[in-house]
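There are 2 protein chains.
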Amino acid sequence: MTERVDAILDAAENRIRRAGYNGFSFREIATDVGIKSASVHYHFPTKADLAAAVAKRYRERFEEAVAKNEAAGAGRVETWKTLFRDSLAEDNRMCLCGILAAEKEGVPEVVADEARQFFEMGVSSIAEVSKDNAENSLAYGLNILATLEGAMLLAQSMGDNTLFDLATANLK
Amino acid sequence: MTERVDAILDAAENRIRRAGYNGFSFREIATDVGIKSASVHYHFPTKADLAAAVAKRYRERFEEAVAKNEAAGAGRVETWKTLFRDSLAEDNRMCLCGILAAEKEGVPEVVADEARQFFEMGVSSIAEVSKDNAENSLAYGLNILATLEGAMLLAQSMGDNTLFDLATANLK
DNA sequence: AATCACCTACCTATCAGTTGATAGCTGACA
DNA sequence: TGTCAGCTATCAACTGATAGGTAGGTGATT
Chain A
1 MTERVDAILD AAENRIRRAG YNGFSFREIA TDVGIKSASV HYHFPTKADL AAAVAKRYRE
61 RFEEAVAKNE AAGAGRVETW KTLFRDSLAE DNRMCLCGIL AAEKEGVPEV VADEARQFFE
121 MGVSSIAEVS KDNAENSLAY GLNILATLEG AMLLAQSMGD NTLFDLATAN LK
Chain B
173 MTERVDAILD AAENRIRRAG YNGFSFREIA TDVGIKSASV HYHFPTKADL AAAVAKRYRE
233 RFEEAVAKNE AAGAGRVETW KTLFRDSLAE DNRMCLCGIL AAEKEGVPEV VADEARQFFE
293 MGVSSIAEVS KDNAENSLAY GLNILATLEG AMLLAQSMGD NTLFDLATAN LK
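Those sequence lines, one after another, are chains A and B. Under my numbering, the very last position in the first sequence is 172; numbers go up by exactly one each time. Under my numbering, the very last position in the second sequence is 344; numbers go up by exactly one each time.
Shown next, in the form of structure tokens:
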């Protein structure tokens, strides 16, 4: 039952992470999955519904992955860095929410809001491990996450994933 | 002669910085400028031509602005930070090339290449003021530019431009 | 056991609107 | 007379979305 839905979400996530919200169509997703575009509409009535579902799943999976890596003994910042680097190395894929945030005014509000929630989760996840006061912790979380997002952007654009490591080498 | 061309480039830059390459059309640009879409094609035969010209002008203007601010006595990093913050404050506008880089696989190669050139210019501009060896200077330039780009992304997505200042407060 | 209503998960066919792009015309100006 | 900078009109392709059909399954009623 959910397996087709997952396949649709997988295809949509892949396409969005490559070309953004306005860079994919229902017909492309349908072709990827092996069904017709009307069937994609059956599971996700509108394009906004589909993209929002993709972003929501992305955020939830990320939270789980952070918890899992940390349970394995990695520090919080190292965990975030590793997760981003892995997805970059795996298939040159940027952070989904980074792309959605970049083209913010061109995506439905419900989608931009999911991206916003991802960043809020990320900033507070990283800020949490700072022993400083509230404002300095916030600044710390923002600084780390901003650097990671920007490093993915630069590495992708300049076509060299090792630049991600160089750009983030001093983070701790 | 060039005044209409400039108006077209202005409109295209504004639209791309809000919704990306796939988030604008010739008809929208034409409406913004007050002409017909066929007239936009007269000046820029294809969409790729137009977007590449926008990105090229953006890079050149940025280089000039950096030189000008520095002549006025500001440090290199402070200059880059100020230029990005100003464009964010002015009209919630992200870095043009940050957006084009994010949706890289969805834009024509000639456009992605202009974005790449912007980042190469930026990284070496910032790396230049480092007194360290080649690799460390590169890492320094990458780190600063990545943080600035990511800070714009976060501030825009979270709807609060002061977050840009918080995220970049420790850069020097 | 057989009929019935209902559901899920697809399908075909089609819609109006938008897209980038082209051909060919017009008027202004040198 | 050309060239420039617009224009009208049109194109095929693609877009998100909808209507309506169908095959197969579930579960209750008869």
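Note that CB positions come from ideal geometry on N, CA and C, so glycine has one too. Since this is a predicted model, take the numbers as computed values, not measurements.
Residue-chain proximity (residue i, chain B), Cβ-Cβ < 8 Å
i, result
"A/Leu50", "no"
"A/Lys47", "no"
"A/Leu83", "no"
"A/Leu153", "yes"
"A/Asn14", "no"
"A/Ala178", "This structure leaves residue 178 of chain A out entirely; chain A is present only between 1 and 172."
"A/Ala11", "no"
Range of the contiguous alpha helix (DSSP H) that encloses residue i
i, result
"A/Gly141", "134–158"
"B/Cys269", "268–274"
"A/Val110", "109–127"
"B/Asn241", "219–243"
"B/Ala210", "209–215"
Chain A contact for residue i (CB, 8 Å cutoff)
i, result
"B/Thr319", "yes"
"B/Phe291", "yes"
"B/Leu314", "yes"
"B/Asn305", "no"
"B/Arg199", "no"
"B/Ala191", "yes"
For residue j and residue i, the rounded distance between their alpha carbons
i, j, result
"B/Lys208", "B/Tyr214", "10 Å"
"B/Tyr193", "A/Ala169", "32 Å"
"A/Tyr140", "B/Ile316", "15 Å"
"B/Glu200", "B/Thr254", "31 Å"
"B/Glu250", "B/Leu320", "11 Å"
"B/Lys344", "B/Asn186", "30 Å"
"A/Leu88", "A/Met152", "7 Å"
"B/Phe216", "B/Leu222", "5 Å"
"A/Ala112", "B/Gly278", "19 Å"
"A/Cys97", "B/Ser302", "32 Å"
"B/Lys228", "B/Glu286", "6 Å"
"B/Asp304", "B/Ala224", "34 Å"
"B/Arg189", "B/Ile180", "14 Å"
"A/Asp165", "B/Gly294", "18 Å"
"B/Arg176", "B/Ser296", "34 Å"
Three-state secondary structure (DSSP) of residue i
i, result
"B/Leu181", "helix"
"A/Arg76", "helix"
"B/Lys344", "coil"
"B/Lys253", "helix"
"B/Phe196", "coil"
"B/Ser302", "coil"
"B/Gly278", "helix"
"A/Asn92", "coil"
"B/Asn333", "coil"
Contacts that residue i makes with chain A (C-beta to C-beta distance below 8 Å)
i, result
"B/Gly247", "Correct list: empty, because the minimum Cβ distance to chain A is about 19 Å."
"B/Ile271", "Ala102, Glu103"
Partners in chain B for residue i, counting only beta-carbon separations shorter than 8 Å
i, result
"A/Arg116", "Ser329, Met330, Gly331"
"A/Leu88", "Correct list: empty, because the minimum Cβ distance to chain B is about 12 Å."
"A/Asn69", "Residues of chain B passing the Cβ test: none, with the nearest at roughly 21 Å."
"A/Ala169", "Ala311, Asn315"
Contacts of residue i in chain A (Cβ-Cβ under 9 Å)
i, result
"B/Val231", "First, the residue type needs correcting, since residue 231 of chain B is Arg and not Val in the sequence shown. Chain A residues near B/Arg231: none, gap ~13 Å exceeds 9 Å."
Interface partners of residue i on chain B, CB under 7 Å
i, result
"A/Leu166", "Leu310, Ala311, Leu314"
"A/Leu96", "Those within 7 Å of A/Leu96 in chain B number zero; the least Cβ separation is about 10 Å."
Interface residues of chain B facing residue i [CB-CB closer than 9 Å]
i, result
"A/Gly34", "Residues of chain B passing the Cβ test: none, with the nearest at roughly 22 Å."
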